[in-house]
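Enquirer:
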Amino acid sequence: MHSEKASVWLKIAAWGGLVFLHFPIFIIALYAFNTEESAFSFPPPGLTTKWFAVAFSRADVLDSILLSLQIACIATVIAMILGTLAAAALYRRNFFGKESITLMLILPIALPGIITGLALLSAFKTLDVSPGVMTIVIGHATFCVVIVYNNVVARFRRTSHSLIEASMDLGADGWQTFRYIILPNLGTAMLAGGMLAFALSFDELIVTTFTAGHEKPLPIWLLNQLTRPRDVPVTNVVALMVMLVTMIPVLLAYLLTKGGEDVAGSGK
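Counting with my numbering, you get residues 1 to 268 for the letters of the sequence shown.
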C-alpha cells in the first residue's frame, strides 16, 4: 500500500514537471493563432491563421530563416565529419594525452555559452577575421562536434572489433571494410548526431550573438523582435516554427538511437 502511494506521488510530480516545462510552449503556440495584434488576454478572443501568411510574406523573416538553415546545414556537415573522425581515432586506442584531447572535444558544450562566445570573439579579433556567416558556422561547429562524437563513439564501443578482423581475414580491403562493416553500424548514430547538431545550431543564440557581426540569423531576429510589441503575433508564429524545426530532429534522433543496443555486431 505504501509503495502504491509513492508511485502515485511520483506520477503526479512527473506530470507536474512536464506541465511546468511545456506550458510556456503551449502559450506561444496558442498566441500564434490569436486574432489580436498585441494584447495578451487569456483566453484569446478568437483564433486565426492569418499571421502565418503575414510572417512568411515578410522578406526579413524569410532571409533570417534561410540564413539559419544555411548555417545549421554547414555546421552539421562539419560536425559529422570531424566528430566521426575523432571518435574513430579515440574509441579503441589508449595513448598519452587521450584524456586531454577528449576533454578539449567536450569542453565547448560543457562551458556556458557566453564563455564560448567570448573566447571565439577574442580569437577572431586576434586573427583579424571579420564576423560573418563563416564565423557563426565555426562557432556552432565547436559544440556540434561534441554531439556527433558522443553518438558515434558510443556506437563504436558497442561494435565488436572481431567483425572488422573477420572482414580483413576474408580479403576485404580498408574501403570495403568501412563500406560494408563499419558504416552500416555507424549510420544511425551519425544520422542521429547530425540531427541533434542541426537542432542545436538552428536555434543557438548566445554564441551566435558574439560571432554574427552584422548578420541576422533567426535567433537574433527573434531577440530584436522583443522591442517591437506590434509584431507579437508574427514573432509567435516564427517562434512556433523554430520549436517545430528543433523538436522534430530531436524526436527522430531518439527513434533512431533507442534500439542501438540491438544493432548487428554490437558488443556488450
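Where a beta carbon is used, it is the ideal one built from N, C-alpha and C, also for glycine.
#1: So what does DSSP say about residue 48, is it helix, strand or coil?
#2: Does the segment 115–125 come close enough to the segment 197–217 to have 3 or more Cβ pairs within less than 8 Å?
#3: Between residue 199 and residue 168, what straight-line distance do the alpha-carbon atoms span, to the nearest angstrom?
#4: Looking only at its chain, what residues have a beta carbon closer than 7 Å to the beta carbon of residue 140, apart from the 5 residues adjacent to it on each side?
#5: In the DSSP assignment, find the unbroken alpha helix (DSSP H) run with residue 184 in it and report its ends.
#6: Quick test of your reading: residue 274 and residue 55, contact by CB under 8 Å. State the CB separation rounded to the nearest angstrom.
#7: Between the segment 232–248 and the segment 48–67, do three or more beta carbon pairs fall short of 8 Å?
#8: Go through its chain and collect everything with a Cβ distance to residue 64's Cβ below 7 Å, but skip five positions before and after it.
#9: How big is the Cα-Cα spacing for residue 92 and residue 86?
#10: With a cut-off of 8 Å, do at least 3 Cβ pairs link the segment 141–157 to the segment 108–115?
#11: Can you tell me the Cα-Cα spacing of residue 25 and residue 18, whole angstroms?
#12: Do residue 190 and residue 80 have their C-beta atoms within less than 8 Å of each other?
#13: Can you tell me whether DSSP reads residue 12 as helix, strand or coil?
#14: Which term fits residue 68, buried or exposed, when burial requires 16 or more other beta carbons within 10 angstroms of its beta carbon?
#15: Within 10 angstroms of its Cβ, does residue 101 collect 16 or more other Cβ (buried), or is it exposed?
#16: Can you name the start and end residues of the alpha helix (DSSP H) that residue 89 belongs to?
#17: In or out: residue 180 buried (at least 16 other Cβ within 10 Å) or exposed?
#18: So, is residue 78 buried or exposed, given that buried needs 16 or more other C-beta atoms within 10 angstroms?
#19: Can you tell me whether DSSP reads residue 34 as helix, strand or coil?
#20: Thinking C-beta only, is residue 155 closer than 8 Å to residue 185?
#21: Between which residues of its own chain and residue 88 is the CB-CB distance below 6 Å, once the five residues before and five after are set aside?
#22: Let's test the definition: count the other Cβ atoms within 10 Å of the Cβ of residue 151 and tell me whether it reaches 16, buried, or not, exposed.
#23: CB-CB under 6 Å to residue 116, same chain, minus the five flanking residues each way: which ones, in chain order?
#24: The alpha helix (DSSP H) spanning residue 177 covers which residue range?
#25: At the level of alpha carbons, what is the spacing between residue 262 and residue 153?
#26: By Cβ distance below 8 Å, which residues in the same chain neighbour residue 164 in space, the five residues on each side in sequence not counted?
#27: Under DSSP, the alpha helix (DSSP H) around residue 120 begins and ends at which residues?
Expert: So, to answer that:
#1: Here residue 48 is taken as the residue at index 48 of the sequence shown, counted from 1. In the structure shown, residue 48 sits in coil (DSSP, three-state: anything other than H, G, I, E or B).
#2: Touching, yes, given that three or more Cβ pairs across the two stretches are closer than 8 Å.
#3: By one-based count along the sequence shown, residue 199 stands at place 199. By one-based count along the sequence shown, residue 168 stands at place 168. Going from the Cα of residue 199 to the Cα of residue 168 covers about 38 Å.
#4: Within the sequence shown, numbered from 1, the residue matching residue 140 stands at position 140. In the same chain as residue 140, and ignoring 5 residues on each side of it, the C-beta atoms closer than 7 Å to its own belong to 71, 75, 201, 204, 207, in chain order.
#5: Within the sequence shown, the letter at position 184 stands for residue 184. Looking at the DSSP string, the run of the alpha helix (DSSP H) that includes residue 184 is 183–202.
#6: The structure shown does not extend to residue 274, since the chain is modelled only from 1 through 268, so no value can be given for it.
#7: Contact holds between the segment 232–248 and the segment 48–67, because three or more Cβ pairs, one in each stretch, are under 8 Å apart.
#8: Mapped onto the sequence shown, residue 64 falls at position 64. Within the same chain, residue 64 has close Cβ partners 216, 217, 218, 221.
#9: The count along the sequence shown starts at 1 and reaches residue 92 at position 92. The count along the sequence shown starts at 1 and reaches residue 86 at position 86. Spanning the two alpha carbons is a distance of roughly 11 Å.
#10: A contact exists between the segment 141–157 and the segment 108–115.
#11: Locating residue 25 in the sequence shown gives position 25, counting from the first residue. Locating residue 18 in the sequence shown gives position 18, counting from the first residue. Looking at the two C-alpha atoms, the distance is approximately 11 Å.
#12: Locating residue 190 in the sequence shown gives position 190, where the first residue counts as 1. Locating residue 80 in the sequence shown gives position 80, where the first residue counts as 1. The answer is yes: Cβ separation under 8 Å.
#13: Residue numbering aside, residue 12 sits at position 12 when the sequence shown is read from its first letter. Assigned with DSSP and collapsed to three states, residue 12 falls in helix.
#14: On the sequence shown, position 68 is the one that residue 68 refers to. The residue in question, residue 68, is buried, as its Cβ has 16 or more Cβ neighbours within 10 Å.
#15: If you number the sequence shown from 1, residue 101 lands on position 101. With fewer than 16 Cβ atoms within 10 Å of its Cβ, residue 101 is classed as exposed.
#16: Position 89 of the sequence shown, counting from 1, holds the residue named residue 89. Unbroken alpha helix (DSSP H) run through residue 89: 59–90.
#17: For the purposes of this step, residue 180 is taken as residue 180 along the sequence shown, with counting starting at 1. The residue in question, residue 180, is exposed, as its Cβ has fewer than 16 Cβ neighbours within 10 Å.
#18: Along the sequence shown, read from residue 1 onward, the residue named residue 78 stands at position 78. Buried, because 16 or more other Cβ atoms sit within 10 Å of the Cβ of residue 78.
#19: Along the sequence shown, read from residue 1 onward, the residue named residue 34 stands at position 34. The DSSP-derived three-state label of residue 34 is strand.
#20: Within the sequence shown, residue 185 is the residue found at index 185, counting from 1. Within the sequence shown, residue 155 is the residue found at index 155, counting from 1. When the beta-carbon positions are compared, residue 185 and residue 155 come within less than 8 Å of each other.
#21: Taking the sequence shown and counting its residues from 1, the one referred to as residue 88 is at position 88. Counting only Cβ-Cβ distances below 6 Å, and skipping sequence neighbours, we find nothing.
#22: As a working note, residue 151 is residue 151 in the sequence shown. Counting Cβ neighbours within 10 Å, residue 151 comes out buried, since at least 16 surround it.
#23: As a position in the sequence shown, residue 116 is number 116, starting the count at 1. Scanning its chain for C-beta atoms nearer than 6 Å, with the 5 sequence neighbours on each side dropped, one finds around residue 116 the residues 108, 207, in chain order.
#24: Position 177 of the sequence shown, counting from 1, holds the residue named residue 177. Looking at the DSSP string, the run of the alpha helix (DSSP H) that includes residue 177 is 174–177.
#25: Here residue 262 refers to the residue found at position 262 of the sequence shown. Here residue 153 refers to the residue found at position 153 of the sequence shown. Unreliable placement is indicated for residue 262, whose pLDDT of 47 sits below 50; the coordinate value is still reported in the next sentence. Between residue 262 and residue 153, the C-alpha separation is close to 16 Å.
#26: Here residue 164 refers to the residue found at position 164 of the sequence shown. Setting aside the 5 residues that flank it on each side, residue 164 is surrounded in the same chain by 177, 181, 182, each with a C-beta closer than 8 Å to its C-beta; the list follows chain order.
#27: Counting from 1 along the sequence shown, the entry for residue 120 is found at position 120. First-last of the alpha helix (DSSP H) with residue 120: 113–126.
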